[in-house]
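What follows is one structure encoded as structure tokens, with my remarks underneath.
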Amino acid sequence: MITEIEATLNTRPLTYQGAAQEEISMIRPIDFLQHKLNLTLPLQNLSESARSDPEYISPGDARTMQTRHQAEEALRSSCQFTERFWKIWHHQYLASLRETHKKYTINRRQGRDIPKVGDVILVSDSVLPRNEWKMARILDTRESTNGMMREVELQTASKRKIRRP
């Protein structure tokens, strides 16, 4: 019963939906997690002729098939949404933060642009999933002849030392 109440609340539109707006898809709380997820109740009150049909599927079996299809679709939708969000966040939001930070520190001289020894950083790794990226502390920096930082020596939480360009 709690699940049915939850499904009812999560599939209600967030705003008023007038008669003229029925063809427009209204946003629902469930859409934030799985877009266009359709939660339905089991089939009931089928006629006897439908039950005598050799291709008849019982309500329990139909619900199981429908639930499995919905679960697979929800997982696929959720994975696509997460990847799309990550790409937007990584390419647009982080770039925007970087540009704003550079603008702020160049114009007002209230920050430093170059990491220094002792700073804790997030080690980006395109091979690892983003939830497995490591945090590390900068132990040493290597500079080129023109004074630009070219490489850092890092220490991870497990005390492992790595070098990164």
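Anchor point for the sequence shown: position 11 equals 11 in this note's numbering, and the numbering is continuous, going up by one each time. Quick reminder that beta carbons are idealized off the backbone N, C-alpha and C, glycines included.
(Q) When you compare the CB of Leu14 with every CB in chain B, is at least one pair closer than 9 Å? (A) In the displayed structure, chain B is absent; only one protein chain is listed.
Q: Flag this pair as yes or no: are the beta carbons of Leu9 and Met26 separated by less than 9 Å?
A: Taking the first residue of the sequence shown as 1, we reach residue 9 at position 9. Taking the first residue of the sequence shown as 1, we reach residue 26 at position 26. Against a cut-off of 9 Å, the Cβ pair of Met26 and Leu9 comes out as no contact.
Q) Excluding the five sequence neighbours on either side, which residues of its own chain have a C-beta within less than 7 Å of the C-beta of Ile114, listed in chain order? A) By one-based count along the sequence shown, residue 114 stands at place 114. The residues are Met149.
(Q) I'd like the span of the alpha helix (DSSP H) that includes Leu128, first residue to last. (A) Residue numbering aside, residue 128 sits at position 128 when the sequence shown is read from its first letter. Note, Leu128: premise wrong, no alpha helix (DSSP H); not H, not E.
Q: Using three-state DSSP, classify Arg76 as helix, strand or coil.
A: Counted from its first residue, the sequence shown places residue 76 at position 76. Arg76: helix per DSSP, three-state reduction.
Q: Counting only the same chain and skipping the five closest in sequence on each side, list residues whose C-beta sits under 7 Å from that of Leu122.
A: Your numbering for residue 122 matches position 122 in the sequence shown. Within the same chain, Leu122 has close Cβ partners Trp133, Met135.
Q. If you draw a straight line from the C-alpha of Glu153 to the C-alpha of Leu94, how long is it?
A. Here residue 153 refers to the residue found at position 153 of the sequence shown. Here residue 94 refers to the residue found at position 94 of the sequence shown. Taking the straight line joining both Cα atoms gives about 24 Å.
Q: Measure the C-alpha to C-alpha separation of Thr82 and Thr145 and round it to an integer number of angstroms.
A: Locating residue 82 in the sequence shown gives position 82, counting from the first residue. Locating residue 145 in the sequence shown gives position 145, counting from the first residue. If you take the alpha carbons of Thr82 and Thr145, they lie about 43 Å apart.
**Q.** Opening and closing residue of the alpha helix (DSSP H) in which Thr11 lies
**A.** As a first step, residue 11 must be located in the sequence shown, where it is residue number 11. First-last of the alpha helix (DSSP H) with Thr11: 2-11.
Q.
For Ala136, list the residues DSSP reports as bridge partners.
A. Reading the sequence shown from its first residue, position 136 is the one you call residue 136. Paired residues: Ile121, Thr156.
Q: Run the CB neighbour count on Ile5, radius 10 Å, all protein chains shown included, and call it buried at 16 or more, exposed below.
A: Stepping through the sequence shown from its first residue, residue 5 is reached at position 5. Looking at its Cβ environment, which holds fewer than 16 other Cβ atoms inside 10 Å, Ile5 is exposed.
Q | Same chain, Cβ closer than 8 Å to Val117, five either side skipped, listed in chain order | A | Here residue 117 corresponds to residue number 117 of the sequence shown, with the count starting at 1. Around Val117: Ile138, Leu139, Asp140, Thr141.
Q | Beta bridge counterpart(s) of Lys161 as assigned by DSSP | A | For the purposes of this step, residue 161 is taken as the residue at position 161 of the sequence shown. Within the DSSP bridge table, the entry for Lys161 names Gln155 as partners.
Q.
Restricting to Cα atoms, I'd like to know which of Arg130, Leu75, Ser96 is closest to Trp86.
A. Position 86 of the sequence shown, counted from the first residue, corresponds to residue 86. Residue Arg130 is the option with its Cα nearest to Trp86.
Q.
I'd like to check one pair, Ile30 with Thr11: are the Cβ atoms closer than 9 Å?
A. Along the sequence shown, one-based indexing puts residue 11 at 11. Along the sequence shown, one-based indexing puts residue 30 at 30. Contact: yes.
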